[in-house]
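To start, the structure itself, in structure tokens.
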Amino acid sequence: MEEKDETDSLETSDPARIRLIALALGGEVRLRMLGLLSSGSRNMNEIASALGLPLSTATVNVRRLEEAGLVECRPAPGARGTQKIVSRKYGRLVLGLPSPGGEGARVIDMPIGHFVKAEVAAPCGICTAESRLGKKDDPRAFFFPERHAAELIWLSTGFVEYHFPNIADGAEPPSGLSLSAELCSEVPFYDNSATSDICLWINGVEIGTWRSPGDFGGRRGRLTPAWWGVHKTQFGRLVTWTVTESGSRIESDGVVGSSHAALRDLRLAEAPYIAVRLGVDPGAERPGGMNIFGRGFGDFAQGLVLRVR
Numbered sequence: 470m471e472e473k474d475e476t477d478s479l480e481t482s483d484p485a486r487i488r489l490i491a492l493a494l495g496g497e498v499r500l501r502m503l504g505l506l507s508s509g510s511r512n513m514n515e516i517a518s519a520l521g522l523p524l525s526t527a528t529v530n531v532r533r534l535e536e537a538g539l540v541e542c543r544p545a546p547g548a549r550g551t552q553k554i555v556s557r558k559y560g561r562l563v564l565g566l567p568s569p570g571g572e573g574a575r576v577i578d579m580p581i582g583h584f585v586k587a588e589v590a591a592p593c594g595i596c597t598a599e600s601r602l603g604k605k606d607d608p609r610a611f612f613f614p615e616r617h618a619a620e621l622i623w624l625s626t627g628f629v630e631y632h633f634p635n636i637a638d639g640a641e642p643p644s645g646l647s648l649s650a651e652l653c654s655e656v657p658f659y660d661n662s663a664t665s666d667i668c669l670w671i672n673g674v675e676i677g678t679w680r681s682p683g684d685f686g687g688r689r690g691r692l693t694p695a696w697w698g699v700h701k702t703q704f705g706r707l708v709t710w711t712v713t714e715s716g717s718r719i720e721s722d723g724v725v726g727s728s729h730a731a732l733r734d735l736r737l738a739e740a741p742y743i744a745v746r747l748g749v750d751p752g753a754e755r756p757g758g759m760n761i762f763g764r765g766f767g768d769f770a771q772g773l774v775l776r777v778r
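So the sequence shown is numbered by our numbering: it starts at 470 and just counts up by one.
Below you can see the structure in the form of structure tokens.
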């Protein structure tokens with residue numbers, strides 16, 4: 470057993486993330502696991518033995534906690550090959566519940582294949598729920614009509630841009646806007662420690678850059694189809710950019726960043742659409758590619774979700 474100083478806290482108000490956390494905390498076995506892990510990291514056999522569970526039952530419940538982002542698993546050498554070490558990530562959870570101010574939010578969940586513009590560099594590609602589009606690392610796939618059915622998009626550098634209908638109420642100026650998406654870095658196969666700087670622009674204004682901690686694999690994504698090889702990218706992190714009159718913030722897995730871009734900078738009243746661009750600048754400090762997950766890949770059943778309050 471490894472010692473762990475557990476002072477980190479998770480604070481989130483994202484509905485999709487809260488649903489996963491609620492499901493994970495809804496089982497007595499998983500609550501007991503979190504209690505056990507508060508004293509330090511353990512391998513799967515130690516967890517199963519301490520809780521009196523079959524190894525298969527312990528594995529299923531650890532996977533649910535991992536999908537919710539409450540534990541992290543890493544491989545380590547064992548007496549008989551490789552073993553999985555499980556660690557609790559947070560000692561405190563703060564969940565922002567819906568408020569009256571959020572009831573008036575207008576929401577659009579944009580399928581990830583409905584981009585209107587793309588400039589991408591290989592390695593790149595698109596998958597639907599059934600198959601890959603086109604040839605390997607061929608940017609032409611981004612212009613096939615079948616791209617509208619995309620459930621996974623990846624690129625090395627470049628961007629994809631979406632035009633959301635401008636759902637801001639002209640009679641009452643919006644008080645805030647947010648965009649959430651499941652994202653991660655992009656490398657061959659996967660690498661849980663391969664970082665990448667992924668940026669969001671809205672109406673041509675740079676909102677902020679999220680540093681993805683990895684291209685995630687090692688377990689199958691909760692929604693990832695069985696035909697997609699387990700040795701490839703499987704899931705991402707849910708990232709939310711929020712813009713208000715006082716500035717912008719980026720939230721993912723309890724990590725919060727900020728920027729100076731404010732709602733007035735977006736000039737929402739000037740066009741019938743809101744241009745949302747996600748990409749990786751080749752001149753970024755860490756241009757490590759990007760994966761965008763749709764409703765049929767990864768851990769979160771959503772596309773790109775725009776909320777205007």
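Yeah, the Cβ is synthetic: ideal placement off N, Cα and C, and Gly gets one too.
Own chain, CB closer than 6 Å to residue i, minus 5 neighbours either side, in chain order
i	result
Leu-602	Ile-595, Ala-610, Phe-613 and Glu-615
Trp-670	Arg-746
Ile-743	Phe-633 and Asn-635
Ile-577	Phe-633 and Leu-775
Phe-704	Phe-685, Gly-690, Gly-767 and Asp-768
Ile-487	Leu-564
Contact set for residue i: own chain, Cβ-Cβ below 7 Å, skip 5 residues either direction
i	result
Val-777	Ala-574, Arg-575, Ile-636, Ala-637, Pro-643 and Leu-646
Ile-676	Leu-669, Trp-670, Trp-710, Val-712, Ser-717, Ser-728 and Ala-730
Asn-530	Gly-496, Val-498, Arg-499 and Met-502
Glu-588	Gly-627 and Phe-628
With 16 other Cβ atoms within 10 Å as the buried cut-off, status of residue i
i	result
Asn-514	exposed
Ala-650	buried
Val-555	buried
His-619	Checking the displayed sequence, the identity of residue 619 turns out to be Ala instead of His. So Ala-619 counts as buried.
Ser-600	exposed
Proximity test, Cβ basis, 8 Å: residue i and chain C
i	result
Gly-698	As a matter of chain content, chain C is missing from the structure shown, which is built from one protein chain.
Own chain residues within Cβ distance below 8 Å of residue i, not counting five before or after
i	result
His-617	Pro-580, Gly-582 and His-583
Leu-492	Arg-533 and Ala-537
Arg-755	Thr-664, Ser-665, Asp-666 and Arg-680
Thr-551	Pro-544 and Ala-545
Asp-483	Ser-649, Leu-707, Thr-709 and Glu-720
Pro-523	Ala-517
Backbone CA spacing between residue i and residue j [nearest angstrom]
i	j	result
Arg-557	Asp-734	40 Å
Ser-717	Arg-543	33 Å
Ala-591	Gly-748	13 Å
Ala-829	Glu-535	Nothing can be reported for residue 829, as the shown portion of the chain is limited to 470 through 778.
Cys-653	Thr-597	18 Å
Ser-518	Glu-541	19 Å
Ser-526	Asp-722	It should be noted that the sequence gives Thr, not Ser, for residue 526. C-alpha separation (whole angstroms): 26 Å.
Glu-480	Gly-547	34 Å
Val-656	Glu-641	44 Å
Ala-738	Ile-622	30 Å
His-700	Ala-740	43 Å
Val-585	Glu-630	6 Å
Gly-726	Ser-715	14 Å
Ala-770	Arg-764	4 Å
Thr-702	Arg-736	37 Å
- Query: Can at least three beta-carbon pairs, one atom from the region 709-716 and one from the region 759-769, be found at a separation below 8 Å?
  - Reply: No: the two stretches stay apart, fewer than three of their Cβ pairs being nearer than 8 Å.
- Query: Can you find at least 3 beta carbon pairs, one from the region 675-683 and one from the region 694-701, that sit closer than 8 Å?
  - Reply: Note that the region 675-683 does not touch the region 694-701; fewer than 3 beta-carbon pairs, one per stretch, sit closer than 8 Å.
- Message: If we require 3 or more residues per run, which beta strand (DSSP E) segments fall completely within the region 531-575?
- Response: For the region 531-575, whole beta strand (DSSP E) runs of length 3 or above, ordered along the chain, are 540-547, 550-557 and 561-564.
- Which full runs of the beta strand (DSSP E) of 3+ residues lie inside the region 609-642, going along the chain? DSSP assignment within the region 609-642 yields the following whole beta strand (DSSP E) runs of 3 residues or more, N-terminal first: 621-624 and 627-634.
- May I have a chain-ordered list of the beta strand (DSSP E) segments no shorter than 3 residues that lie completely inside the region 573-610? Along the length of the region 573-610, whole beta strand (DSSP E) runs at least 3 residues long occupy 575-579, 586-589 and 594-596, reported in chain order.
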